[in-house]
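Below is one structure, written out as structure tokens; the observations come after it.
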Amino acid sequence: MLFEHGTCAPASPLGVSRELLRKEVKVTIKFAIITCSDTRTLETDEAGQKLEQLIAEQGWECIRRVVEMDERPFIAGALIDACDNTDADIVLTCGGSGLSLRDVTPEATRDVADREVPGIAEAMRAHSVAITPFAMLSRAICAQRGHTLIINLPGSTKAATENWEGIVEALPHAVKMMAGEGHSTQKDLSEKLAAAAARGELG
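Count along the sequence shown starting at 1, add 130, and that's the number in our numbering.
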């Protein structure tokens with residue numbers, strides 16, 4: 131399904147304006163960013179800074195950004211804290227999802243997850259592999275803990291940005307679904323569009 135930029139609204143075959151759809155279903159999302167690295171600091175974490183910028187460009191909010199060592203229990207602890215003790219709807223991890231022996235972010239994510247959301251990781255890889263074949267080496271996963279989504283992103287600024295671009299349009303709908311609103315919201319929107327079309331208001 132196609133989504134309008136920055137919203138959970140499907141592209142309408144009825145010709146309804148994008149602005150109408152954005153107003154109908156605008157979602158504010160809160161993020162936490164956990165950069166997994168043995169060498170970076172908050173000041174030198176360019177990928178984390180870029181993700182914070184990309185979040186702000188969508189009109190969303192980053193409420194926490196931290197750097198954690200590439201140690202499985204440390205990353206797991208940071209994930210639990212971000213999911214359970216903040217208002218974050220989505221936790222982005224940055225780094226530690228490749229083939230190095232120190233890359234343990236997916237394992238730490240599974241340690242704390244209630245269930246995986248494989249479609250998001252599949253979408254990231256599909257988007258990125260069209261740019262570089264090296265994207266197929268990513269072991270990144272996406273998972274859900276409670277009402278919070280955890281998404282593993284690569285550690286490089288360029289790769290993290292590319293992965294973000296492949297999934298950003300689906301994130302508002304994901305947040306609504308985790309809150310128990312997604313399906314009813316989609317149904318309500320479809321009914322409103324159909325009613326507007328019947329009145330001749332679209333086109």
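Glycine included, each C-beta is placed from N, C-alpha and C at the ideal position. Here the structure is a predicted model, which means the values were calculated and not measured.
- Exposure of Glu321 is indicated by the presence of fewer than 16 other C-beta atoms within 10 angstroms of its C-beta.
- Under the rule that a run must span 3 or more residues, the beta strand (DSSP E) segments found entirely inside the region 208–237 read 220–224.
- Counting the other CB atoms within 10 Å of its CB gives Lys288 a total below 16, which places it among the exposed residues.
- Per DSSP, the unbroken alpha helix (DSSP H) holding Val305 starts and ends at 301–308.
- Between Thr239 and Leu209, the CB-CB gap stays under 8 Å.
- Taking a contact as a CB-CB distance under 8 Å, the pair Val305 and Ile159 counts as one, their CB atoms being some 5 Å apart.
- Shown here, Ala327 sits in a helix according to DSSP, grouped into three states.
- Taking a cut-off of 8 Å for Cβ pairs, the region 212–229 and the region 184–204 touch, as three or more such pairs fall below it.
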